[in-house]
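Q: Please find one structure pasted underneath; my questions will follow.
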């Protein structure tokens, strides 16, 4: 039949096409309806969905004891929360149920502990929960637990504008002594300039007089002082310990587990990386994540347009060039997570141009938490877990500090603690780089904070660590001197060492700190050269440091001149390589230039600083020693620091031992003397180096040395030595050193 129809009638494509399309459409719609029906049926039978429906519809006053349905539904919600996390709708339902106390206070804490978000936390739910605090029926322990939850999930809240709108309501809870530390922490995160009011400052000062100088009050007041310094006259300590404690909340380990299982990127937006508790029972925590958060806006995408139109702000994440940054400089909205500023060049340029102290305070707070909680207090110091992540984090922090030309106070506090447990090898370049960026330390504290731990590391480490530490201390001194030359006031009475902090120090205090650092390096260098056998590489790093020290007055405007100790001067003078001897000559030349300039100013002006006679005596003595040794061939003479008994010198069988360290016989220059002798007298078979001391060969030899690139030696000779010809054969009869 079918074959007959096919042969006699039209083809299938001509006759059945419209009917087939209609039938296919009907079948497709029916399939969608069936699928939707099955989905709804599945959701209706899903225990988790049933549990949420139960908590959203349960009536107030429903008994808790013996309520099997309640227990069954709560267990289902907890199971999903701790395995996959709760979606925003579920967070809203469960938070509303807990804070409204529909079934009393018994379940409130249990429900709060299972509020583990899978993605974000809806701001509206948090605002409603905060409002429930004002009812007065929630136990104080539950209120504290709720505020801890808000602080833990703060950067997962999808927007903050509504929370800031009820800033005054939140502030009213600071009067409760139990809530005050946590409320201050929350207010610190929510504060904007428009939030600072006179009555709030007065209330905080009143609480301080009642509770004492609590760190959480001081930190909130310090932020208020940044925004409105005219309202906060309180003196804020320049160095405060962490004001907001890291509370070991019950959500952290569960949340990090959910993030890993979901393979979610939300972890990058968390204010601080979350850690898991050490299973061994140790009080120290395992190493956590130190990756930088993503640069995101404060508000969600839905509210971003309306907020931008109303406040005319531009989220930093929307800017892609420096030109755009300049156009919107005064309308910038900082990101939700301040740690993300470290990974954005535009954000760093904004900080450098605008010098937003509130942003720096928040960035310091985040950075301090990351360095202390995720690195310093981890069980292995980051040595075995995520070492690449730590390395990348510290390198980013270093590049940020180099860009801003200053360090962060939080990294400074971290270093003071870390130096006491550091082995000197873990992440050495990064730690020494951070150490070189710390601001000036008062002389009364520098020994305890820096010198004691560094001295222990120095004397128990290799020569390569000694070289690295010497370079670090030189860079530290350079930054201190640069800060002084940039931020010194015209009257030279006070200097502000950091434009972004309240650290102020008198000029005399600054000089004391620099003097302590120079003396400390002198002690390390003197003993280190003995331990390492006057290692040439180590000596080169030491001379780098004194290359900075010798020019402190002229180059950096610091009225201070400090001479190197004998333990550095003599190993440099008797070094076996000519480069270090040449550098010593250049350093002594620069000392003379600085001392001469300071002495001339002292004669011309009354305000010039006074150089002690001891400094001039030390300089003159060193110059006499160098001239006597290198030029006059009068080594081991009475009155010199280096003296040996005549009997011992005679037993050495060294002919004319007093000439052993002149420019001809010095171990560093003897190869040049031999080469010059062969070029000057190519026909001689016997080498007589003393023949170079004649007048003309001597002048030629000096020019020969100077052409080898030893400009330091040339400048020293030209500025300190006057030659007097008194003999008929042209030899130098006497050479005098020009002293100051």
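Numbering (our numbering), first residue to last: 968 to 1707. C-beta atoms are modelled at their ideal positions from N, C-alpha and C, and glycine is treated no differently. Just so we're clear, the structure is a prediction, and the values are computed from it rather than from any experiment.
#1: Going by C-alpha to C-alpha distance, which of 1404, 1103, 1589 sits closest to residue 1532?
#2: Near residue 1272, what residues of its chain come up, given a Cβ to Cβ distance below 7 Å and the 5 sequence neighbours on each side ignored?
#3: On a CA-only basis, which of 1076, 1521, 1052, 1595 is nearest residue 1086? Give me that one, please.
#4: May I ask you to report which of helix, strand or coil DSSP gives residue 1473?
#5: Once DSSP output is grouped into helix, strand and coil, what is the label at residue 1654?
#6: Quick one: is residue 1419 buried, meaning 16 or more other Cβ sit within 10 Å of its Cβ, or exposed?
#7: Just to confirm the assignment, what range does the alpha helix (DSSP H) spanning residue 1708 have?
#8: Note down the Cα distance separating residue 1357 from residue 1483, rounded to an integer number of angstroms.
#9: Return yes when the Cβ of residue 1541 is within less than 8 Å of the Cβ of residue 1562, no when it is not.
#10: Using DSSP with H/G/I as helix, E/B as strand and the rest coil, what is residue 1083?
#11: Beta carbon of residue 1163, beta carbon of residue 1185: below 8 Å?
#12: Going by Cα to Cα distance, which pick from 1587, 1586, 1580, 1556 is closest to residue 1677?
#13: Work out the CA separation of residue 1118 and residue 1183 for me, nearest whole Å.
#14: Per DSSP, residue 1300 is paired with what?
#15: Tell me the DSSP bridge mates of residue 1088?
#16: CA-CA distance, residue 1636 and residue 1672?
#17: Please classify residue 1320: is it buried, with 16 or more other beta-carbons within 10 angstroms of its beta-carbon, or exposed?
#18: In terms of residue numbering, what span does the alpha helix (DSSP H) encompassing residue 1147 cover?
#19: Does residue 1293 pass the burial test, meaning 16 or more other C-beta atoms within 10 Å, or should it be called exposed?
#20: Alpha carbon to alpha carbon, what distance is there between residue 1403 and residue 1366?
#21: Give the straight-line distance between the Cα atoms of residue 1477 and residue 1397, rounded to the nearest whole angstrom.
#22: Per DSSP, what kind of secondary structure is residue 1166 in: helix, strand or coil?
#23: Specify, as a first and last residue, the run of the alpha helix (DSSP H) that residue 1418 falls within.
#24: Note down, in chain order, each residue of its chain lying with its Cβ closer than 6 Å to the Cβ of residue 1248, except the 5 sequence neighbours on either side.
#25: Given this structure, state the Cα-to-Cα distance separating residue 1394 from residue 1497, to the nearest angstrom.
#26: Taking residue 1367 as part of the alpha helix (DSSP H), name the residues at either end of that continuous run.
#27: Closest to residue 1581 by CA distance: which of 1593, 1567, 1528 is it?
#28: Taking only the alpha-carbon atoms, compute the straight-line gap between residue 1679 and residue 1507 and give it to the nearest angstrom.
#29: Determine the direct distance from the alpha carbon of residue 1083 to that of residue 1221, and round the result to whole angstroms.
#30: Got a sec, what are the start and stop residues for the alpha helix (DSSP H) residue 1648 sits in?
#31: Pick helix, strand or coil for residue 1464, following the three-state DSSP scheme.
#32: Give the secondary structure of residue 1324 by DSSP, where H, G and I count as helix, E and B as strand, and everything else as coil.
#33: How do the segment 1041 to 1059 and the segment 1086 to 1105 stand: do at least 3 beta-carbon pairs fall below 8 Å, yes or no?
#34: Identify the continuous alpha helix (DSSP H) that holds residue 1527 and give its terminal residues.
#35: Measuring CA to CA, which of 1552, 1143, 1446 is closest to residue 1519?
#36: What are the boundary residues of the alpha helix (DSSP H) that residue 1046 is part of?
A: Here's the rundown:
#1: With distances taken between CA atoms, residue 1532 lies nearest to 1589 out of 1404, 1103, 1589.
#2: Confidence in residue 1272 is poor, its pLDDT being 48 and thus under 50, which makes the residue's placement unreliable; the coordinate value appears in the next sentence. Here the set comprises nothing.
#3: With distances taken between Cα atoms, residue 1086 lies closest to 1052.
#4: Shown here, residue 1473 sits in a strand according to DSSP, grouped into three states.
#5: DSSP places residue 1654 outside both helix and strand once states are collapsed to three, so it counts as coil.
#6: Exposed, because fewer than 16 other Cβ atoms sit within 10 Å of the Cβ of residue 1419.
#7: Outside the shown range of the chain (968 to 1707) lies residue 1708, about which nothing can therefore be said.
#8: Cα-Cα distance, rounded: 33 Å.
#9: Their beta carbons are not under 8 Å apart, which means residue 1562 does not touch residue 1541 by this criterion.
#10: Coil.
#11: Not in contact: residue 1163 and residue 1185 (Cβ atoms no closer than 8 Å).
#12: Comparing Cα-Cα distances from residue 1677 to each of 1587, 1586, 1580, 1556, the minimum goes to 1556.
#13: Computed Cα separation, rounded: 14 Å.
#14: Residue 1300 pairs with 1282.
#15: For residue 1088, DSSP records a beta bridge to 1124.
#16: Residue 1636 and residue 1672 have their C-alpha atoms spaced approximately 9 Å apart.
#17: Flag for residue 1320 reads exposed.
#18: In the DSSP assignment, residue 1147 falls within the alpha helix (DSSP H) that extends over 1147 to 1157.
#19: Classification for residue 1293: exposed.
#20: A straight line joining the alpha-carbon of residue 1366 with that of residue 1403 spans about 13 Å.
#21: Residue 1477 and residue 1397: Cα-Cα distance of roughly 26 Å.
#22: It is helical.
#23: Residue 1418 -> no alpha helix (DSSP H), and no H or E assigned at all.
#24: Only weak support exists for where residue 1248 lies, its pLDDT of 35 falling under 50; the coordinates are left without a value.
#25: The C-alpha of residue 1497 is placed about 27 Å away from the C-alpha of residue 1394.
#26: Segment 1354 to 1371, the alpha helix (DSSP H) holding residue 1367.
#27: Closest option to residue 1581, judged by alpha-carbon separation, among 1593, 1567, 1528: 1528.
#28: Whole-angstrom Cα-Cα distance: 14 Å.
#29: Answer to the nearest angstrom: the Cα atoms are 7 Å apart.
#30: Note, residue 1648: premise wrong, no alpha helix (DSSP H); not H, not E.
#31: In this prediction, residue 1464 scores a pLDDT of 44, lower than 50, which makes its location untrustworthy; the coordinate-derived value is nonetheless stated afterwards. Coil at residue 1464, not helix or strand.
#32: In the structure shown, the three-state DSSP call for residue 1324 is helix.
#33: Yes: the two stretches touch, three or more of their Cβ pairs being nearer than 8 Å.
#34: Following the DSSP letters along the chain, one finds residue 1527 in no alpha helix (DSSP H), marked with neither H nor E.
#35: For residue 1519, the closest C-alpha among the options 1552, 1143, 1446 is that of 1446.
#36: Residues 1035 to 1050.
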